[in-house]
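Data first, discussion second: the structure below is written as C-alpha cells.
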C-alpha cells in the first residue's frame, strides 16, 4: 500500500470525511530567500563508513550518499529545518542536523538510508551553528547557539553588563525530555560573543567551544573625548588633511590593548577613556563527563588570543592538540588606497588567515601565508605568490595517526595539506604543491575516508560534493546536489569570497570583513588620504550647516552587514556609495534610491582595499550586485513569535512613533518604520531608514541607519563621561565581550546611553524624555522595542515542531501558533513526513485545510492530519517557511509543475526539473 493509500485507510478507520476543496493563501514573494548562512560542519561520515551525510543548506535537507570504492551514489533526501549548517552522526542509525534559521535540531532516523525521516525536533537558542557528541558513551549532544532567542527558557539579560553571549545547549540523546523541543541537561553560558565551532577530545571527555566574532582587544575612543586640532593637539593621529591639504573631520580613534595599556596607532595611551576590559576569551574547555557538563574552572577553562574570527576546530587524535582555523584582523592600522600621502595603508593586508595551535604550551598562531610580501602590492594575476596562498580556512580533517591535516580554504577554492609537526613548529613552507583545487569553489566542509583514500569536500559556490583522491592529490569526482538558488545567486557568490580572484596576494576578499555577508563586529579606519572630496547629493532630513560632503578621511566606522540592502538606499554609514550623483533621486529606484548603482560604487575597493591590480569587469560587478542585493536579514530573535510586543516594547514603540523627541522629528520621523515601503519592489519595507541623510551635530553628515540588527551588537558596557551625553554610570564596568557598540564608529556602548544625548531631554525639549526616574524607565522601554525591531521576515519564519504519537498540549499549542501566523500571511506553513517509502508533503492553504503533494489527493483538514499522525505514530514536522517558498518546500521541490508525490509514484525525480512524469 502506498503512503497516500495508508492515509486514506486511516481516515476511513477514524470515520472522518475528507474535504473536497481548499482556499488558497497567495504570496507574491519569490520562492527562494537568500540568508547566506555560514556552513560549519556540513559533512559527516557514518561510523561504519558506509554512508556520507551532507546538509543541503539552500534546500533545507539532509542528503544521504552510499560510499563505495567506485565513489558516491545518492540514496536519500530528508527535509529538515531551514538553513541546515551542521550534521553529526550519533551512530549508524541516527543523525542530528543543526538548522541555523529554524533555531532547531532535527533528529533523523537513518536506519533505512533511502527513507530517512525526522523523528524529533529539538528547539534551541538563536542561530545554532555546530554540534558534537561527547561525555559518557558519547550520548550527550553539545550545540552552540547565541545567548538569545524565543526558545531560550530564561532572560538573556540584554541590558546587563558582564554577561556572556555564547551558549552551549547539552542534551542527553537517550532522554530528550519534553515533547515540545526537548529538555536540555544544561545550557552553559560562556564569556564571549556568539559562538560557532565545537570539537571533542578523542576520548569524549572534553568538548571545546569557540567564539565566532571573538574580537582582538580593540575598541574606539569617542570623538567627544579626543581633543580637536589633530595630532599636534593630542587628537587624531596625522595626517589631518588629505593630499590637497584640505582639513578633515574630527573623528574617534581606534585603540588596542597591548597587555598593559590601551594604545593608538602611534603608541599614545588612552586608558582613562576606556571604562571596561576585554579578556578576549576565545576557546573554552568543557568537562563533558561532569553532571551536568561544565566549563573547567580557572585558567584551564579557556584560551585567549586565538584569533579575531574563529571558524572551525579539530583535535589531533594522537597528541590532543587543538587546531583552530581563523583570521586575524589588522584593524588597529589605518587607511585604504596607495598610502602615498600618509605613508601607511591597509591595502592588501586586512586579515591574516591562520591556524592556531592550542596545547600545553599555550596558544601558537600560524600564519598560513607567511610567504606574502606585504611591503609590495598589487601584482597582476596570475602570480606565484597568489597561487601559494590559502584564504578563509574553514573545516579540517586529520589522519588517524595525527600526522596530516587537511584544511578547506573557502577563499581559495582549494584544500590545503599540512604536516602537523611542521604546522605546530611553524616550519612549513607555503606551496601550491600542497594544495588540491576543487572545481565547485568555496569549500566549507571536509570529511576524511581514510580506508578508501578519499576526502569529501562540500563546495558552497555550487552546492556540490567533491570526491578527492588523497594519494593522487586530485579531485576524482564532483556531485551536485539539488539547488533551488537562481543563477543570480550562484553566479555572483564567488565575488564575495574568492580571495584568489579578488586580491593580488590571494589572501583577501570582501568576506574577510563581511563574514558570510554579515559583519565582523569591528571598526576600521578606512579613509583614503590620497583621495578627494565627493559631493553629497542629499536629500537631507536636516542639512549640515557646515560641510555635508564626503571628505576622504572619515575615521573609524564599524563594518556594516551586506544583508538587507535592497530598498534601503545609499550605502556605507555616510551613504557615500550612492547613485545620487548620477541621476535624480526619486523612489523607488532612481538616484540615491538605486541600490544597484550604489553597490557598484564599491568596485574601486577591489583595488584600493583588497589589493587587486584592476577593478572587476562590469559584467562581474553586475553579477556581484545581483547576488548581494538578495541577501536577507533573519527574523528578529527577541520579538515574540506571534509578532506581538511586550508592554514595555509597546510603550517604547509609542514614544518612538509619537512625540517630536529631538525638537524637529519623532524617532520615526528619521528612522522610518514601514514594513510595506515600496510595495512593488522585490524586498519591500523600510526598517529604520528609507535612505535619506541627516546632520545630528556630529562632524560628518550620516545616512539614517536601519535598526534590524541592533540585538547583534549587545555586549559592550562602559563609557567615560563625554560632553553632550547626560552623565550616567561612567565607572569602570569590568570584563565585557565586545569592543564596539552603537553609532557609526561603535563608540556608544548601549542603546540606553545613546538616548542620553542632551537633545532628547524634556529639559531642553518639551516632548523629549522626562527628567528623572520616569524618563529612565521610558528609555529602557524604547531600548526594549529597538532590540525587537521589525525586520524583513516575521519572527515565526523558520520555527518548527514535530508532531507524533507522543505529542502533548504544548506541541499542539505551538502548532496552532504556526498556523495562525500562516493565516496572518507571515509565513507559508509546510508539513513533511515519511510513510512507507514515500515522502509526505503538505502546504497550508488557509481555511483549516492543507494541500497535498499529490494532485489527486483532496485537501486535508488540519484536525484530520493531526489525528493521522497520532493513529499511525507518523512523525510530521511543521515548518513556517518564508512567504512564497511553501509550494517549493512543501509540494514541488524542483518547481517543474509536477508535485513531488506524483513524481515519486511515476518514477521521475522530484529534484530534477528535466525528469518529469
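In mature numbering (1 follows the signal peptide of the UniProt record, and there is no 0), the protein residues as written are -28 to -1, 1 to 889. Glycine included, each C-beta is placed from N, C-alpha and C at the ideal position.
Beta-carbon gap between residue i and residue j smaller than 7 Å
{"i": "residue 632", "j": "residue 638", "result": "yes"}
{"i": "residue 723", "j": "residue 758", "result": "yes"}
{"i": "residue 319", "j": "residue 583", "result": "yes"}
{"i": "residue 321", "j": "residue 484", "result": "no"}
{"i": "residue 332", "j": "residue 856", "result": "no"}
{"i": "residue 834", "j": "residue 818", "result": "no"}
{"i": "residue 747", "j": "residue 815", "result": "no"}
{"i": "residue 65", "j": "residue 49", "result": "no"}
{"i": "residue 363", "j": "residue 411", "result": "no"}
{"i": "residue 420", "j": "residue 429", "result": "no"}
{"i": "residue 43", "j": "residue 439", "result": "yes"}
Neighbour flag for residue i against chain D, beta carbons, 7 Å
{"i": "residue 483", "result": "Absent from the structure: chain D. Only one protein chain is present."}
Residues that residue i bridges to, as DSSP identifies them
{"i": "residue 296", "result": "285, 328"}
{"i": "residue 43", "result": "40"}
{"i": "residue 421", "result": "426"}
{"i": "residue 816", "result": "822"}
{"i": "residue 646", "result": "658"}
{"i": "residue 952", "result": "Look at the range of the chain in this structure, -28 to 889, and you will see that residue 952 is not part of it."}
Spatial distance of residue i from residue j (CA atoms)
{"i": "residue 292", "j": "residue 525", "result": "48 Å"}
{"i": "residue 63", "j": "residue 606", "result": "32 Å"}
{"i": "residue 750", "j": "residue 516", "result": "29 Å"}
{"i": "residue 771", "j": "residue 627", "result": "30 Å"}
{"i": "residue -8", "j": "residue 854", "result": "With a pLDDT of 36 at residue -8, under the threshold of 50, the modelled position of that residue is not reliable, and the figure given next carries that caveat. Using only the alpha carbons, I get a separation of about 24 Å."}
{"i": "residue 423", "j": "residue 153", "result": "38 Å"}
{"i": "residue 394", "j": "residue 613", "result": "51 Å"}
{"i": "residue 941", "j": "residue 283", "result": "Residue 941 is absent from the model: the chain starts at -28 and stops at 889."}
{"i": "residue 720", "j": "residue 40", "result": "57 Å"}
{"i": "residue 361", "j": "residue 344", "result": "8 Å"}
{"i": "residue 716", "j": "residue 641", "result": "19 Å"}
{"i": "residue 120", "j": "residue 176", "result": "28 Å"}
{"i": "residue 657", "j": "residue 643", "result": "12 Å"}
{"i": "residue 698", "j": "residue 729", "result": "6 Å"}
{"i": "residue 349", "j": "residue 477", "result": "8 Å"}
{"i": "residue 653", "j": "residue 539", "result": "8 Å"}
{"i": "residue 692", "j": "residue 128", "result": "25 Å"}
{"i": "residue -2", "j": "residue 788", "result": "Because residue -2 sits at a pLDDT of 49, beneath the cut-off of 50, its placement in the model cannot be relied upon, and the following sentence gives the value as read from the coordinates. Computed Cα separation, rounded: 21 Å."}
{"i": "residue 845", "j": "residue 92", "result": "12 Å"}
{"i": "residue 470", "j": "residue 160", "result": "36 Å"}
{"i": "residue 836", "j": "residue 826", "result": "17 Å"}
{"i": "residue 22", "j": "residue 38", "result": "6 Å"}
{"i": "residue 898", "j": "residue 592", "result": "Residue 898 is absent from the structure shown; the chain starts at -28 and stops at 889."}
{"i": "residue 5", "j": "residue 883", "result": "18 Å"}
{"i": "residue 118", "j": "residue 73", "result": "12 Å"}
{"i": "residue 550", "j": "residue 678", "result": "16 Å"}
{"i": "residue 671", "j": "residue 212", "result": "14 Å"}
{"i": "residue 204", "j": "residue 250", "result": "29 Å"}
{"i": "residue 157", "j": "residue 662", "result": "46 Å"}
First and last residue of the uninterrupted beta strand (DSSP E) at residue i
{"i": "residue 366", "result": "365 to 370"}
{"i": "residue 358", "result": "No beta strand (DSSP E) holds residue 358; the alpha helix (DSSP H) holding it covers 356 to 359."}
{"i": "residue 56", "result": "56 to 63"}
{"i": "residue 256", "result": "253 to 259"}
{"i": "residue 447", "result": "446 to 452"}
Residue range of the unbroken alpha helix (DSSP H) whose run includes residue i
{"i": "residue 682", "result": "Premise fails: residue 682 is in no alpha helix (DSSP H) and is neither H nor E."}
{"i": "residue 70", "result": "Taken as a continuous stretch (DSSP letters only), residue 70 belongs to no alpha helix (DSSP H), being part of the beta strand (DSSP E) at 66 to 71."}
{"i": "residue 747", "result": "745 to 759"}
{"i": "residue 794", "result": "781 to 795"}
{"i": "residue 977", "result": "No answer is possible for residue 977: the residues shown for the chain start at -28 and end at 889."}
{"i": "residue 387", "result": "Element bounds for residue 387: not the alpha helix (DSSP H) but the beta strand (DSSP E), 386 to 391."}
{"i": "residue 595", "result": "590 to 600"}
{"i": "residue 726", "result": "723 to 726"}
Near the ligand ZN: residue i beta-carbon under 6 Å from a heavy atom
{"i": "residue 529", "result": "The model on display carries no ligand, and the ligand ZN is accordingly not part of it."}
inquiry  = Could you tell me which whole beta strand (DSSP E) segments of length 3 or greater appear in the segment 216 to 250?
reply    = Runs of beta strand (DSSP E) with 3 or more residues, each lying fully within the segment 216 to 250, are found at 225 to 229, listed in chain order.
task = Entirely within the segment 826 to 884 and at least 4 residues each: give me those alpha helix (DSSP H) ranges in chain order.
result = Qualifying alpha helix (DSSP H) stretches, in chain order: 834 to 844, 872 to 878.
key: Complete runs of the beta strand (DSSP E) confined to the segment 464 to 507 [at least 3 residues]   = 495 to 497
ask   = What are the uninterrupted segments assigned as alpha helix (DSSP H) that are 4 or more residues long and contained completely in the segment 500 to 582, given in chain order?
value = For the segment 500 to 582, whole alpha helix (DSSP H) runs of length 4 or above, ordered along the chain, are 567 to 572, 577 to 580.
ask   = What residue ranges within the segment 107 to 170 form continuous alpha helix (DSSP H) runs of no fewer than 4 residues, ordered along the chain?
value = Under the rule that a run must span 4 or more residues, no alpha helix (DSSP H) segment is found entirely inside the segment 107 to 170.
query = Which residue spans inside the segment 176 to 201 form an unbroken beta strand (DSSP E) run of at least 3?
reply = 178 to 183, 190 to 193
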